[in-house]
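Asks: Residue numbers (numbering that gives the first Met the number 0), protein chains in the order written: chain A, 0 to 380; chain B, 0 to 380; chain C, 0 to 380; chain D, 0 to 380. The beta-carbon is built from N, C-alpha and C at its ideal position, and this holds for glycine as well. Pasting in a structure now, in structure tokens, and then I'll have a few things to ask.
Number of protein chains: 4
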Amino acid sequence: MLLKHFLKTRAWTEVLVKPLETEDFVVQPAEEIMTPKWHLAHTSWFFENFVLKAYVPEYQEYNPVYTALFERFEARSGLYSRPTVKAIFQYRQHVSEALALFWKQLNENKALPDIMKRIELGVHLEEQHQELLLADIKFILGQQFLRPKYIDKDAPDTGWLAEQAMGWNEIPEGLYTIGHEPEGFAFDNEKGAHKVFLAAFEIADRAITNKEYLEFIEAGAYADQHLWLPEGWDWVLRNKAIGPLYWEQVEGSWQYYTLEGMMHVEPDGPLMHVNYFEAEAFARWKGARLPTEAEWEAAFQVKPDYMYSPVWEWTNSAYLPYPGYRSQAGPLGEFTGKMKNGRMVLRGGSLATPEGHWRPSYRNHLLPVRQAQFSGIRLLR
Amino acid sequence: MLLKHFLKTRAWTEVLVKPLETEDFVVQPAEEIMTPKWHLAHTSWFFENFVLKAYVPEYQEYNPVYTALFERFEARSGLYSRPTVKAIFQYRQHVSEALALFWKQLNENKALPDIMKRIELGVHLEEQHQELLLADIKFILGQQFLRPKYIDKDAPDTGWLAEQAMGWNEIPEGLYTIGHEPEGFAFDNEKGAHKVFLAAFEIADRAITNKEYLEFIEAGAYADQHLWLPEGWDWVLRNKAIGPLYWEQVEGSWQYYTLEGMMHVEPDGPLMHVNYFEAEAFARWKGARLPTEAEWEAAFQVKPDYMYSPVWEWTNSAYLPYPGYRSQAGPLGEFTGKMKNGRMVLRGGSLATPEGHWRPSYRNHLLPVRQAQFSGIRLLR
Amino acid sequence: MLLKHFLKTRAWTEVLVKPLETEDFVVQPAEEIMTPKWHLAHTSWFFENFVLKAYVPEYQEYNPVYTALFERFEARSGLYSRPTVKAIFQYRQHVSEALALFWKQLNENKALPDIMKRIELGVHLEEQHQELLLADIKFILGQQFLRPKYIDKDAPDTGWLAEQAMGWNEIPEGLYTIGHEPEGFAFDNEKGAHKVFLAAFEIADRAITNKEYLEFIEAGAYADQHLWLPEGWDWVLRNKAIGPLYWEQVEGSWQYYTLEGMMHVEPDGPLMHVNYFEAEAFARWKGARLPTEAEWEAAFQVKPDYMYSPVWEWTNSAYLPYPGYRSQAGPLGEFTGKMKNGRMVLRGGSLATPEGHWRPSYRNHLLPVRQAQFSGIRLLR
Amino acid sequence: MLLKHFLKTRAWTEVLVKPLETEDFVVQPAEEIMTPKWHLAHTSWFFENFVLKAYVPEYQEYNPVYTALFERFEARSGLYSRPTVKAIFQYRQHVSEALALFWKQLNENKALPDIMKRIELGVHLEEQHQELLLADIKFILGQQFLRPKYIDKDAPDTGWLAEQAMGWNEIPEGLYTIGHEPEGFAFDNEKGAHKVFLAAFEIADRAITNKEYLEFIEAGAYADQHLWLPEGWDWVLRNKAIGPLYWEQVEGSWQYYTLEGMMHVEPDGPLMHVNYFEAEAFARWKGARLPTEAEWEAAFQVKPDYMYSPVWEWTNSAYLPYPGYRSQAGPLGEFTGKMKNGRMVLRGGSLATPEGHWRPSYRNHLLPVRQAQFSGIRLLR
């Protein structure tokens, strides 16, 4: 079943890049955006490095420079035309085949549990990259002068519509257990379930819609320093921000770039592509606030049906290790386990999250200035 | 009694700058350092703007450009030679006298409670600036080629010595009330006392000493990327850091700049002038971690005698609003109340904190790269 | 004959990019490097904008965003994956065909002389871009981890070898006429021939070879501040320069990237890819100096056979207008005529200059830090 | 007589700083501005280092850190409050007295000619710094919010008025000798007199006035990209330039900061504080151009009475070595002789140039963006 999961995941990544032109695979229009080529290679490099090179004695490294190019996020990946896109597809196929072959001989392997764990981790990382890939593709295409479409219909960023006015769910005071309990897969940062006391609160029964956020824009929010955290206001000025990423005013009406091309802003669509500063300022302006990540997870425990979300929801929690956090030792721990400073946690998954990838304990995290992910807002009061 | 507190505080600020030369008042050797002149003026501007201009109808603004120069932290304050230092002392005296005069007529004033609150707030802000002033003076003098002394003896950064090996205090699991309860003065960010559940932990019975931190340095910490958070390692490289601020190797032995001039590093002295990245890396290297701010405050409730500290102690909590946080409305709220993004909380006060200024709920907060405050480390396991 | 020149030039540009992969057309590994795609489009845009749109009433603009993308040097051209490379080849063909068609109807056109002049100018600009294109291709391929070859043999940067030791030619004192005299094509900046008095001098009878420059490197030049102009030394430090662009020490011997891939440095090959600071420092170190551009041109008048060069030779003349310089009025003048500040003049053409493109009055000019062109050194004493 | 010149120069430097407050000596409001304290110290360091330390065996270095602080232009000199201003005056006095004492014993010294040359050079350097000091003082005071006066009347930047409309002088074609001929003092960069052939030209009989430049401003020059060199336009945008340095529009009329405080712009006063880009754009807009430095010097030979100027006049010559240029060997050559890249030459002296300091061959030179010197425009056609 893991092999099937592996093969399905590998295939799905390639489905996602089908609509691209060769040129789209190599440009990097912002330092924090990775090229599609890099995503394709990086997710293969993981299996090559941590499974094939580690456990298959006769395995020959595919190309020694690939580690330098594809091991880490690389702010200069947009400088590299070589290896070509075609070469990277060959690399993917090579790795997938080698791993499938290895799988057949795996039964007798004494390291079986460890190998399975690594393959499972790699599959989850590749799923994670599928959402990043989609966000990066949207950014790359959205930067082009002609705003090309990614697909013609059923894009992940266009389907969801709010069906009714926003309501509130009451979550009672109490001790809640937060974090992943030891069953099923989870990333290291979710582990170490622990108790958190929460006072009673009310949480919105869905994410904010475009219409609701438009009121904020039209109230002059992007020109009113008082509504923003100091660094948020700096961000507004520096970027001459007038709204969420991809929003433009075209002849007096709001449009945005979607994976289906430019469209009029859908009033009942989920607000997407706001950063933490926008989320925080909006919540305060509404007389509410953002949930902490513990509040978010507790709300899921009490009212799960209302917490599935079309967007990742910014929380008011900094990304910090849970009390019992321990990163794995060695290079794998180095690869997956380092906490990163200055990020805020997002919860809830999104329409772009691959099916089956998300869990209620999932901790997404981003620098507070980032808008390019499918990120939105849920209110708490 | 408030007037006495006011007058004493005003006087003490001036005592602190007595040892300076005129030139020391105007230079700004780093963007985040404020000039002593600015501190002197800013703390006067508060009383002029929020008390005298607000409540004394006949009060004439001392100089209309002072708001532009002294209302806010100003990254370019080191460009201004004028007004002169002498002019700022005159401004201080003018404001102090006008306020003392106003005080005499205050009894009949209907706004008395509000006025009292503002004066009280101003006094606490000035006390806060006294510690910042001392840290900035140390930085300014410490940057000079000749490393002049600030005073000859009894400097706040030289007295304390650890008397014994570090031990651990047990703090039991339980629900603790964190934050300032409504009695006595507190800044807005401490208010909104709330319950926090904590698992049992052990916390060190004193702050880390220089000797203890030297082991970390001598183990090669500043050359080992694996020990650091990614941004911490970036900081090490960018600054070619080899130890805490003010530490130098002179002919094979460690010396540091103190307010009494260059000295050999005192092994039993409190480790000072480390940033969050250094504190976090050291704690992890010791197999321990930093406390959260709730853990710190709970420990104070259980074992207060052990929690008084010669240094501000970095916690592993981001500086974020308490659940019930509300900033005051209007310009005063704007002035005092804005949360700031990306900072980490420090707890515990320091030898440079003015007497009577600190409370257990006190939340100091700094960007994680900052070393210039009197900041150190306490471990938790 | 002009049409033939036009068609041959258009075709040659496309021959030059034949060896590239699609991906190589879109990356921009340094701000001053243009993508091959941009070169292909820009040289077409010239004919579309200044000939077809200006003189063919029924001509429909190919795509209105192409002016925004391709009119000017664009520091962000590496962000654009669209239009695709294929689309740009179609654009080229469209423009070439439209111009050839227009040519047939040209005889009766009253603006014939002006139209001919513009086509001629466009052809010379495209030729100029052919050399830039080659330099940019070399830079792009040279930045790749695997250093792919551009061609297998007979690359423009590998053929020339010095046949003998450097000698000196005497150029007598006198009044020389410098600049282009009104016959044949020249760019605006060469026009305005004028007399210059020159004292007698001796000029080297060929460009410097790699072997000669290696002595400078091996004498420790890149570690000796005294040999450099202040800004040159800043450049050395900032770039950790150890030699000309593309030079590397591989296991103790010097290699360089050429259009045929990595090679051992050919001792008798022409020194290439040095910037002005390197040229100036080398000349001074040899007890000589660089020629001024007037000296260079006078030397060509006296000893033409010795002045043909495999590399553009840095002169010690700033790029400034000749006394009688007038730029053309209107948008064409704006396009071609603006002097640029802070550049130094290079003379002599190179092995990469298209045949027939160069004249003795030709003024190439570059910022003094640039190494990516085929630039070398000739000495004067 | 040299001693007298020395003593007079030393005294005059101190007269120039009399009007300053202590604080004015230490601030550095722009990276290229030196603090008055630095000027005072640097000009003393020259005599200490190149005369006293070099030739007086028993001389004790005043303070070993002064070389680090005062040898070179120092972009961070505004960080140093110590040594105090008072200490620097003591240093000046110490050096002056030691040199005067040394002078008395000089007759028997075998190195007399060399020593005399060094003292003479030092005196000329200190004179040069007197003008720089005045420009830096103007900049420092002009940056203060309250725009304090330097002096009450007879400031060097306010006296001169044009008496009549601008006319033109004809300078005939011919061979002119440019550069300093070996008699009297000159800096190295003026030496190496050489012949230059010039075509006939007409040169304005005085510098441009404020009124003449105002026409350029009011014609919309600072909003019209077409009038500027590309880098000039970048400068306009980056600095939001609306006119010369110190010019402001106050309630609809133009005022400027002078050493006597804010004043209405004097129509017949000399245009000052423009940079090369402004000078070059203005000249082109007038259908004229800037002279080359050879043209300027030739004009002085033909019509000296018309070439004395209240401002340094930007030429269209890059600052490059004369053909026969040789810098002196050793540290003194290193100190005085290095050519600097990217600068343009200014000719003519100014009202701020100390009496007797200037010669017709004098080559001032500045980066083309600089406005802070007393720099203006003379036209040529």
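For a contact meaning CB atoms closer than 8 Å, what does residue 136 of chain C contact in chain A?
Replies: One-based indexing of the third sequence puts residue 136 of chain C at position 137. Neighbours of residue 136 of chain C on chain A: none; closest Cβ ~10 Å, over 8 Å.
Asks: Taking only beta-carbon atoms, is residue 48 of chain C less than 7 Å away from chain D?
Replies: Locating residue 48 of chain C in the third sequence gives position 49, counting from the first residue. No, because no Cβ of chain D sits closer than 7 Å to the Cβ of residue 48 of chain C.
Asks: Helix, strand or coil for residue 388 of chain D? Go by DSSP, reduced to three states.
Replies: Summary: the structure shown does not reach residue 388 of chain D, with chain D confined to residues 0 through 380, and so no result is reported for it.
Asks: What does residue 196 of chain A reach in chain B if we use C-beta pairs closer than 7 Å?
Replies: Position 197 of the first sequence, counting from 1, holds the residue named residue 196 of chain A. Neighbours of residue 196 of chain A on chain B, chain order: 174, 194, 195, 196.
Asks: Since residue 341 of chain A meets chain B, which of its residues come closer than 8 Å, beta carbon to beta carbon?
Replies: In the first sequence, counting from the first residue as 1, residue 341 of chain A sits at position 342. Ordered by position in chain B, the residues that pass the 8 Å Cβ test against residue 341 of chain A are 230, 341, 367.
Asks: Does any residue of chain A bring its CB to less than 7 Å from the CB of residue 66 of chain C?
Replies: Here residue 66 of chain C corresponds to residue number 67 of the third sequence, with the count starting at 1. Residue 66 of chain C does not count as touching chain A.
Asks: Return yes when at least one heavy atom of the ligand NAD lies under 6 Å from the C-beta of residue 103 of chain C, else no.
Replies: Looking for the ligand NAD in the displayed structure turns up nothing, as the structure carries no ligands at all.
Asks: So if I threshold CB-CB distances at 7 Å, which residues from the segment 15-38 of chain B count as touching chain D?
Replies: Taking 7 Å as the Cβ-Cβ cut-off against chain D, the residues of the segment 15-38 of chain B that qualify are 20, 21, 22, 23, 25, 26, 28.
Asks: Cβ of residue 206 of chain A within 7 Å of Cβ of residue 375 of chain A?
Replies: Counting from 1 along the first sequence, the entry for residue 206 of chain A is found at position 207. Counting from 1 along the first sequence, the entry for residue 375 of chain A is found at position 376. Cβ atoms of residue 206 of chain A and residue 375 of chain A: closer than 7 Å.
Asks: Which full runs of the beta strand (DSSP E) of 3+ residues lie inside the segment 53-117 of chain D, going along the chain?
Replies: Listed in chain order, there is nothing to give.
Asks: Can you list, in chain order, the stretches of the alpha helix (DSSP H) that have 4 or more residues and sit fully within the segment 287-351 of chain D?
Replies: Correct list: 292-301, 303-306, 329-336.
Asks: What residues match up with residue 140 of chain B in a beta bridge as DSSP calls it?
Replies: Walking along the second sequence from the start, residue 140 of chain B turns up at place 141. Answer is none; residue 140 of chain B lacks a bridge partner.
Asks: Compute the Euclidean distance between the alpha carbons of residue 223 of chain D and residue 211 of chain D, then round it to the nearest angstrom.
Replies: Here residue 223 of chain D refers to the residue found at position 224 when the fourth sequence is read from its first residue. Here residue 211 of chain D refers to the residue found at position 212 when the fourth sequence is read from its first residue. Answer to the nearest angstrom: the Cα atoms are 18 Å apart.
Asks: Could you tell me whether the segment 347-355 of chain A touches the segment 297-314 of chain A, where touching means 3 or more Cβ pairs closer than 8 Å?
Replies: Result yes; three or more Cβ-Cβ pairs closer than 8 Å.
Asks: Taking 7 Å as the limit between beta carbons, can you name the residues of its chain near residue 357 of chain A, skipping five residues before and five after?
Replies: Residue numbering aside, residue 357 of chain A sits at position 358 when the first sequence is read from its first letter. Correct list, in chain order: 348.
Asks: Using a 10 Å radius around the Cβ and a threshold of 16 neighbouring Cβ atoms, would you call residue 340 of chain D buried or exposed?
Replies: The residue given as residue 340 of chain D occupies position 341 in the fourth sequence. The residue is buried, with at least 16 neighbouring Cβ atoms inside 10 Å.
Asks: What are the start and end residues of the alpha helix (DSSP H) that includes residue 8 of chain A?
Replies: Translated into positions along the first sequence, residue 8 of chain A becomes position 9. Taken as a continuous stretch (DSSP letters only), the alpha helix (DSSP H) holding residue 8 of chain A covers 1-16.
Asks: Which residues mark the beginning and the end of the beta strand (DSSP E) in which residue 274 of chain A is found?
Replies: Sequence index remark: in the first sequence, residue 274 of chain A carries index 275 (1-based). Element bounds for residue 274 of chain A: n/a, residue is neither H nor E.
Asks: In the DSSP output, which residue or residues are listed as bridge partners for residue 203 of chain D?
Replies: Here residue 203 of chain D corresponds to residue number 204 of the fourth sequence, with the count starting at 1. D:167, per the DSSP bridge assignment.
Asks: Would you mind telling me which residues of chain D sit closer than 7 Å to residue 257 of chain B, beta carbon to beta carbon, in chain order?
Replies: Your numbering for residue 257 of chain B matches position 258 in the second sequence. In chain order: nothing, as chain D lies at least about 17 Å away.
Asks: Name the chain D residues whose beta carbon is nearer than 8 Å to that of residue 245 of chain B?
Replies: Position 246 of the second sequence holds residue 245 of chain B. Neighbours of residue 245 of chain B on chain D: none; closest Cβ ~16 Å, over 8 Å.
Asks: So residue 252 of chain D is in the beta strand (DSSP E); what residue range does that whole segment cover?
Replies: Counted from its first residue, the fourth sequence places residue 252 of chain D at position 253. Here the beta strand (DSSP E) through residue 252 of chain D covers 252-257.
Asks: For the alpha helix (DSSP H) containing residue 216 of chain C, name the first residue and the last one.
Replies: Locating residue 216 of chain C in the third sequence gives position 217, counting from the first residue. Residues 209-217.
Asks: Given a cut-off of 7 Å on the beta-carbon distance, is the pair residue 226 of chain A and residue 284 of chain A in contact?
Replies: Residue 226 of chain A sits at position 227 when you count from the first residue of the first sequence. Residue 284 of chain A sits at position 285 when you count from the first residue of the first sequence. Yes, the Cβ-Cβ distance between residue 226 of chain A and residue 284 of chain A is below 7 Å.
Asks: Residue 38 of chain A: which of A:84, A:63, A:49 sits nearest, CA to CA?
Replies: Here the question's residue 38 of chain A lines up with position 39 in the first sequence. Taking only the C-alpha atoms, the option nearest residue 38 of chain A is A:84.
Asks: If you measure beta-carbon to beta-carbon, which residues of the segment 347-377 of chain D are closer than 7 Å to chain B?
Replies: Listed by position along the chain: nothing, the set is empty.
Asks: Please list the partners that residue 317 of chain B has in chain A, where partner means a Cβ-to-Cβ separation under 7 Å.
Replies: In the second sequence, residue 317 of chain B corresponds to position 318, counting from 1. Here the neighbours are 317, 319.
Asks: Sorted by chain position, which residues of the same chain lie with C-beta nearer than 8 Å to residue 193 of chain D's C-beta, five sequence neighbours on each side aside?
Replies: For the purposes of this step, residue 193 of chain D is taken as the residue at position 194 of the fourth sequence. Closer than 8 Å at the Cβ level, and outside the excluded window around residue 193 of chain D, lie 176, 177, 178, 321, 322, 323.
Asks: Measuring CA to CA, which of A:359, A:256, A:372, A:247 is closest to residue 184 of chain A?
Replies: Reading the first sequence from its first residue, position 185 is the one you call residue 184 of chain A. For residue 184 of chain A, the nearest C-alpha among the options comes from A:359.
Asks: With a Cβ-Cβ cutoff of 7 Å, do residue 80 of chain C and residue 34 of chain C count as a contact?
Replies: As a working mapping, residue 80 of chain C is identified with position 81 in the third sequence. As a working mapping, residue 34 of chain C is identified with position 35 in the third sequence. Not in contact: residue 80 of chain C and residue 34 of chain C (Cβ atoms no closer than 7 Å).
Asks: Out of A:267, A:78, A:332, state which residue places its alpha-carbon closest to the alpha-carbon of residue 141 of chain C.
Replies: By 1-based counting over the third sequence, the position of residue 141 of chain C is 142. When each option's Cα is compared against that of residue 141 of chain C, the closest is A:78.
Asks: Using a Cβ cut-off of 7 Å, which residues of the segment 61-94 of chain C contact any Cβ in chain A, in chain order?
Replies: Hits within the stretch, in order: 64, 67, 68, 77, 78, 79, 80, 81, 83, 84.
Asks: List the residues of chain D that residue 322 of chain C touches, going by C-beta distances under 7 Å, in chain order.
Replies: Translated into positions along the third sequence, residue 322 of chain C becomes position 323. Near residue 322 of chain C (Cβ distances below 7 Å), the residues of chain D are 198.
Asks: For the segment 107-126 of chain B against the segment 14-22 of chain B, do three or more pairs of beta-carbon atoms, one drawn from each stretch, fall closer than 8 Å, so that the two count as touching?
Replies: Cβ pair count under 8 Å is below three, so no.
Asks: Comparing the C-beta of residue 147 of chain A with each C-beta of chain C, is any distance below 7 Å?
Replies: Within the first sequence, numbered from 1, the residue matching residue 147 of chain A stands at position 148. So, interface residue.
Asks: State buried or exposed for residue 15 of chain C, treating a residue as buried only when at least 16 other CB atoms are found within 10 Å of its CB.
Replies: Numbered from 1 along the third sequence, position 16 holds the residue referred to as residue 15 of chain C. The residue in question, residue 15 of chain C, is buried, as its Cβ has 16 or more Cβ neighbours within 10 Å.
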